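Letter by letter, the sequence shown follows residues 1 to 632 in the UniProt record's numbering. Where is the CB? At the ideal position from N, CA and C, for every residue including glycine. In this text the structure is predicted, and so the values were computed from the model without any measurement.
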Amino acid sequence: MNYDSFYRRSIDQPEAFWGEQAEKIAWFKKPSSILSVDKSGFYRWFEGGEMNTCYLAIDYHVEQGRGNQTAIIYDSAATQKTIKFTYSEVKTEVSKIAGALKSLGVNKGDTVVIYMPMVPEAAFAMLACARLGAIHSVVFGGFAPHELAIRIDDAKPKVIISASCGIEFDKVIPYKPLLDEAIHLAEHQISHCLILQRPMAHASMVEGRDIDFATFVNDSAPAECVTVNATDPLYVLYTSGTTGKPKGIVRDNGGHAVALNFSMQYIYDVKPNEVFWAASDVGWVVGHSYIVYAPLIYGCTTVFFEGKPVRNPDAGTFWRVIDEHKINVFFTAPTAFRAIKKEDAEAKLKEKYDTSSLKSIFVAGERCDPPTLEWLQQIAKVPIVDHWWQTESGWGIVANMMGVEQFPVKAGSATKPVCGFDVQILGENGQKLGANEEGYVCIKLPLPPSCLPTLWNDDERFRSSYLNKFDGYYLTGDGGYIDEEGYVFIMGRIDDVINVAGHRLSTGEMEEIVGSHKAVAECAVVGISDELRGQRPIGLVVLKDGVSFSEDEMENELVKLIRDQIGAVAFFRNALVVKRLPKTRSGKILRKTIRQIADGETYTVPSTIDDPMILTEITNTLIHRKVGNAFQ
1 MNYDSFYRRS IDQPEAFWGE QAEKIAWFKK PSSILSVDKS GFYRWFEGGE
51 MNTCYLAIDY HVEQGRGNQT AIIYDSAATQ KTIKFTYSEV KTEVSKIAGA
101 LKSLGVNKGD TVVIYMPMVP EAAFAMLACA RLGAIHSVVF GGFAPHELAI
151 RIDDAKPKVI ISASCGIEFD KVIPYKPLLD EAIHLAEHQI SHCLILQRPM
201 AHASMVEGRD IDFATFVNDS APAECVTVNA TDPLYVLYTS GTTGKPKGIV
251 RDNGGHAVAL NFSMQYIYDV KPNEVFWAAS DVGWVVGHSY IVYAPLIYGC
301 TTVFFEGKPV RNPDAGTFWR VIDEHKINVF FTAPTAFRAI KKEDAEAKLK
351 EKYDTSSLKS IFVAGERCDP PTLEWLQQIA KVPIVDHWWQ TESGWGIVAN
401 MMGVEQFPVK AGSATKPVCG FDVQILGENG QKLGANEEGY VCIKLPLPPS
451 CLPTLWNDDE RFRSSYLNKF DGYYLTGDGG YIDEEGYVFI MGRIDDVINV
501 AGHRLSTGEM EEIVGSHKAV AECAVVGISD ELRGQRPIGL VVLKDGVSFS
551 EDEMENELVK LIRDQIGAVA FFRNALVVKR LPKTRSGKIL RKTIRQIADG
601 ETYTVPSTID DPMILTEITN TLIHRKVGNA FQ
């Protein structure tokens with residue numbers, strides 16, 4: 001298949017293109033229109049269509065005689081436990097949970113908050129909500145009570161499903177006290193909580209409100225699929241907002257199912273019956289799209305992994321899972337591989353396992369720096385595909401579409417736009433920029449299926465956040481450029497472009513250079529305030545285990561690297577060695593927070609942070625080195 005003609009048709013004839021793709025899923029009633037505009041002036045896909053996402057993911061395959069195929073492999077590196085579930089077994093589990101929710105008064109259009117670790121019941125609960133036409137909102141297990149309370153008040157759930165605890169490495173994290181505190185803080189009153197008791201920690205139950213998950217579900221009658229409209233919400237997933245209030249990203253049923261089904265064939269080049277593994281969490285969009293929904297809708301076996309890439313028990317865990325379950329396509333964040341590379345730079349642990357089943361590795365979530373890409377290419381000996389997307393899109397915006405036409409990889413680029421996404425680079429005044437000119441990465445409307453139709457109960461914020469900057473375009477919030485061959489380079493959030501004495505410089509480009517040093521495991525470059533130049537860049541670097549560079553040697557070499565490749569204009573003077581970088585639980589480096597600390601600004605500890613203590617370590621390092629306005 002030719003990419004250019006396939007892609008152009010999706011842009012020039014979107015209704016015909018997506019109408020054909022819609023024929024590939026099982027509708028209860030086919031849509032009356034493919035693309036329409038609602039009363040708010042927002043684009044909607046497949047209006048008039050009737051369906052059920054849980055039916056597509058589970059019941060349809062059972063009806064097609066594939067009930068005995070393995071649907072979900074639960075692999076817990078944390079507990080050293082593996083369980084396999086067939087499609088028929090998943091249907092039994094999901095329909096009983098749906099029946100339990102129904103008996104608690106959950107009906108079509110109601111919301112349910114799911115606050116769980118990576119256990120199979122989390123996936124079953126999501127599908128059970130979809131089965132009833134209820135809207136689930138998954139909150140990452142272990143989120144602080146205040147942040148969970150905010151989401152409870154915004155989503156207004158009828159029921160919360162949670163568990164007694166989660167596990168990280170060898171540490172048990174009690175969830176129930178966090179949930180109890182969140183319910184206490186929230187204004188919205190919760191009538192019922194279903195609590196999964198795990199053997200590692202028993203949760204105390206609130207009489208009249210809390211219900212034992214296993215007992216109640218086991219005693220419940222199964223529920224059948226409820227018919228929903230294609231334009232009805234499937235879920236709400238909260239992402240951080242600049243105002244401090246999280247944004248509720250809405251995902252509809254019809255567009256979501258069509259786009260994800262399309263992506264499995266044309267982006268990931270996977271086949272039904274093959275084993276697909278996305279090493280993420282259902283608290284993030286990757287977990288929604290590529291642990292639960294896309295693989296099951298498409299008829300794959302999906303791996304539900306509880307654990308970390310290192311220390312579970314070592315940096316060979318990913319290779320062990322690939323070998324044990326014969327993974328065909330693997331997807332994770334670059335930060336996971338950077339953690340592995342730090343502990344096992346020569347990939348000695350990989351040699352213990354047979355990874356010959358693997359066809360490709362996909363990375364997303366944080367820009368794949370060229371050194372990590374090159375390391376992976378050397379050790380994995382399969383195509384490494386960097387692709388770029390957002391919570392808002394729900395699937396890949398830019399990718400090497402492996403099921404269409406495989407292009408040569410260019411380090412630093414996620415390759416070319418995916419079908420349906422008219423990606424353009426715009427200047428400050430909305431003008432379209434030429435090849436290799438860096439600007440705002442935007443998508444010309446309409447967005448393709450699966451992208452957010454609006455924000456949860458906030459149309460105006462949807463407009464102001466994404467649509468008002470450039471008329472007729474969706475603003476991604478990222479900066480970048482497109483080269484003369486159509487390759488898209490995402491250089492980071494717009495906030496990450498700094499102005500040094502009038503020169504606009506990309507911190508993403510500097511990170512590539514710093515990260516290319518043989519001693520650097522991972523790094524972050526941020527712009528901090530400078531009285532003379534306005535801003536100047538500083539680097540924070542984590543060194544590979546076992547390297548022998550002193551901090552002064554490291555700084556001198558990195559300063560020279562930037563000077564040699566960008567020039568003195570960058571005014572890169574500081575490279576600080578740190579033990580670890582502050583990140584969200586999904587692996588994104590908190591560059592804005594680092595900058596705020598260095599500039600002495602008041603900052604809020606992000607709700608998504610993996611470990612708040614890292615911020616104290618960063619602060620102490622900046623003070624010790626006398627870097628930043630706050631310490632001069």
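Check	Outcome
For residue 36 and residue 179, the rounded distance between their alpha carbons	41 Å
The segment 288-303 contacting the segment 481-501, beta-carbon criterion three pairs below 8 Å	no
Sub-8 Å separation of residue 73 and residue 81 beta-carbons	no
Helix, strand or coil at residue 589 [DSSP, three-state]	strand
Residue from 277, 249 and 516 whose Cα sits closest to the Cα of residue 459	249
Inter-residue CB distance, residue 96 and residue 222 (contact presumed, cutoff 8 Å)	5 Å
When 436, 38, 307 and 130 are compared against residue 171, the one with the closest alpha-carbon	307
Residue ranges of each beta strand (DSSP E) within the segment 491-522, 3 or longer	497-500 and 503-506
Simplified DSSP state of residue 50, which is helix, strand or coil	strand
Cβ-Cβ distance between residue 358 and residue 328 below 8 Å	yes
Rounded C-alpha distance that separates residue 546 from residue 348	15 Å
Alpha-carbon to alpha-carbon, residue 625 and residue 385	38 Å
Residue 529 at chain B interface by Cβ criterion, 8 Å	The question asks about chain B, but that chain is absent: this structure has only one protein chain.
Top-ranked residue by Cα proximity to residue 164, from 616, 513, 121 and 378	121
Strand pairing of residue 174, partner residues [DSSP]	165
Continuous beta strand (DSSP E) assignments of at least 3 residues falling wholly in the UniProt domain "Acetyl-coenzyme A synthetase N-terminal" (3-56)	35-37 and 43-45
Range of the contiguous beta strand (DSSP E) that encloses residue 444	439-444
Segment contact, 8 Å Cβ cut-off, at least three pairs: the segment 268-281 with the segment 145-157	no
Closest by C-alpha distance to residue 539, when choosing among 522, 177 and 232	522
8 Å Cβ cutoff met for residue 581 and residue 597	no
CA nearest to the CA of residue 132, picked from 54, 586 and 195	54
Residue 486 and residue 416 closer than 8 Å at C-beta	yes
For residue 424, the three-state DSSP class (helix, strand or coil)	strand
Simplified DSSP assignment, three categories, for residue 306	strand
Per-residue DSSP class, three states only, for residue 360	strand
Under the three-state DSSP convention, the category residue 375 falls into	helix
Distance CB(residue 161)-CB(residue 116) smaller than 8 Å	yes
Boundaries (first-last residue) of the beta strand (DSSP E) holding residue 111	111-115
Identity of the residue in 123, 148, 195 and 255 nearest residue 26 by Cα	255
Backbone secondary structure at residue 537 - three-state DSSP	strand
Pick from 66, 67, 252 and 586 that is closest to residue 134, judged by C-alpha positions	252
C-alpha gap between residue 50 and residue 111, whole angstroms	20 Å
Residue 391 versus 433, 420, 453 and 356, residue with shortest Cα-Cα distance	453
Residue range of the unbroken alpha helix (DSSP H) whose run includes residue 697	Since the first residue shown for the chain is 1 and the last is 632, residue 697 is missing from the structure and cannot be characterised.
Cross-strand partners of residue 77 (DSSP beta bridge)	None, per the DSSP bridge assignment.
Residue 603 versus residue 536 - alpha carbon distance	20 Å
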